[in-house]
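In the UniProt record's numbering, the protein residues as written are 13 to 385.
Just so you know, even glycine gets a beta-carbon here, dropped at the ideal spot from N, CA and C.
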Ligand code: ATP
């Protein structure tokens, strides 16, 4: 009864201990707990097969959980029929009616339910997705991005409590995809509805969502704001899935409330204790390539902190906005360094001796029982 009271008080989308086992015994989603605040943009991010689509389909009512509960705005919808849920889905295939014009595609659901003020509502939706001037065209006369916006307008017109987006931008080319990410985010802010977006593209999830849940093997590995996940990953999986990271073998020497001291191939470095995610002594010291500074040996770097001497540049790639170095360390490992090209930075060449350094606040420490890659 206490649990029920909790659900009734929560106005967002809530999954509790949701498991989905498919016939044959494969568990696609395992004891999932999830709170999606009302009006937020939430992304389920993970590699193929991690269970994100299955999770979305359970919210839509297209799959039934094996156990657990799903509530929306205090209502238990775990076993509700799909059409009885205040939920709509936008798929990668736009599923527009080819013989109807854009206006009628958007109006379709309202006309079937004999809703009042159809014209005004459709005009409002077309304005929202900036397709007012295309109203009398057929879907085939629009670009992929425009068709996807029609699909969005059609899904939003009956004011769903939650809009589910299943890889909706997957069919678009990269450039269009990037502009649609910003566009869909703008629409979400404007309508103020809850959006749950499924993607395997980390940049897409980070660009669009307020909160990202990283899924792996049917469970959520970590959930939080994009910057929080990127800056403070709790597992090697999250660290590697959200961009690149250097992971260096380390051993904890001292733990204090604010700073943990770690020995790394004979060098002592500090890691902020809130970024230490292992109780064991053996760990991976993690540092993002763009957080590493490269300098001449003995040079005063403008980011005093952890300094690692004895590196030799083994590869240099100039990529315009930055220069990417591989630096071979005395213990044999190659570390990645992304150096912003500000016009004032010295370019190092292959074979040059260098020293690496980073501010202690950027490092994190992960459990070494996990693989580094
Ligand atoms: P993708 O991005 O490839 O769709 P995903 O993270 O969305 O991946 P799901 O589609 O949720 O993954 O699938 C999770 C796992 O469950 C996969 O291994 C898949 O093969 C399995 N699965 C999905 N649907 C069924 C089904 N109807 N019967 C049996 N197994 C299924």
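Item, Value
"heavy atom of the ligand ATP below 7 Å from residue 40 C-beta", "yes"
"Continuous beta strand (DSSP E) stretch holding residue 379: start and end", "376–379"
"Proximity below 8 Å, CB of residue 163 to CB of residue 137", "no"
"DSSP-derived helix/strand/coil call for residue 34", "strand"
"Alpha-carbon to alpha-carbon, residue 66 and residue 105", "17 Å"
"Distance, residue 230 Cα to residue 59 Cα", "11 Å"
"8 Å contact criterion, which residue 54 and residue 223 should meet: CB distance rounded", "5 Å"
"Other residues of its chain near residue 377: CB distance less than 8 Å, five sequence neighbours each side excluded", "262, 264, 272, 274, 283, 287, 288, 289, 290, 295, 296, 297 and 298"
"Close-in-space but distant-in-sequence residues of the same chain around residue 248 (CB under 7 Å, 5 per side omitted)", "259, 296, 378, 382, 383 and 384"
"Residue 17 (DSSP reduced to helix, strand or coil)", "Only weak support is given to the placement of residue 17: the predicted model assigns it a pLDDT of 49, under 50, and the question is left unresolved by the model."
"Residues of its chain near residue 11, where Cβ-Cβ distance is below 8 Å and the 5 sequence neighbours each way are ignored", "One cannot answer for residue 11 here, as it falls past the ends of the chain, which runs 13 to 385."
"Beta-carbon contacts of residue 77 that lie in its chain and below 7 Å, excluding the five residues immediately before and after", "30, 31, 32, 70 and 90"
"Bridge partner(s) assigned by DSSP for residue 127", "In DSSP, residue 127 forms no bridge with anything."
"The stretch 302–312 in contact with the stretch 364–372 per 3-pair CB rule at 8 Å", "yes"
"beta-carbon residue 64 near the ligand ATP non-hydrogen atom, thresh 7 Å", "yes"
"Residue 249 Cβ short of 7 Å to the ligand ATP heavy atom set", "no"
"Same chain, Cβ closer than 7 Å to residue 210, five either side skipped, listed in chain order", "56, 64, 65, 68, 177, 178 and 179"
"Reduced DSSP secondary structure (H/G/I, E/B, other) of residue 53", "strand"
"Straight-line Cα distance separating residue 28 from residue 281", "41 Å"
"N-terminal and C-terminal residue of the alpha helix (DSSP H) that residue 191 is part of", "186–203"
"Proximity test, residue 58 beta-carbon vs the ligand ATP heavy atom, cut-off 7 Å", "yes"
"Whole-angstrom C-beta distance between residue 119 and residue 101, which should lie under 8 Å", "Contact doesn't hold; Cβ gap of about 19 Å is too wide."
"Three-state secondary structure (DSSP) of residue 217", "helix"
"Start-to-end residues for the beta strand (DSSP E) that takes in residue 337", "334–340"
"Residue 387, DSSP secondary structure in three states", "Because the chain here runs from 13 to 385, residue 387 falls outside it and cannot be looked at."
"Spatially closest choice to residue 112 from 144, 151 and 146, by CA coordinates", "151"
"Limits of the unbroken beta strand (DSSP E) element including residue 324", "318–330"
"Cut-off 8 Å between Cβ atoms - residues of its own chain near residue 277, not counting five sequence neighbours on either side", "260, 261, 341, 342 and 343"
"Collapsed DSSP secondary structure at residue 148 in the structure displayed", "coil"
"Residue 376 beta carbon near the ligand ATP (any heavy atom closer than 7 Å)", "no"
"Backbone CA spacing between residue 194 and residue 357 [nearest angstrom]", "32 Å"
"Residue(s) in a DSSP beta bridge with residue 249", "Residue 249 pairs with nothing; no bridge assigned."
"Enclosing beta strand (DSSP E) for residue 83 [first to last residue]", "79–84"
"Per DSSP, cross-strand counterpart(s) of residue 116", "Paired residue(s): none; residue 116 is not in a bridge."
"Under the three-state DSSP convention, the category residue 157 falls into", "helix"
"Exposed unless 16 or more other CB atoms sit within 10 angstroms - verdict on residue 123", "exposed"
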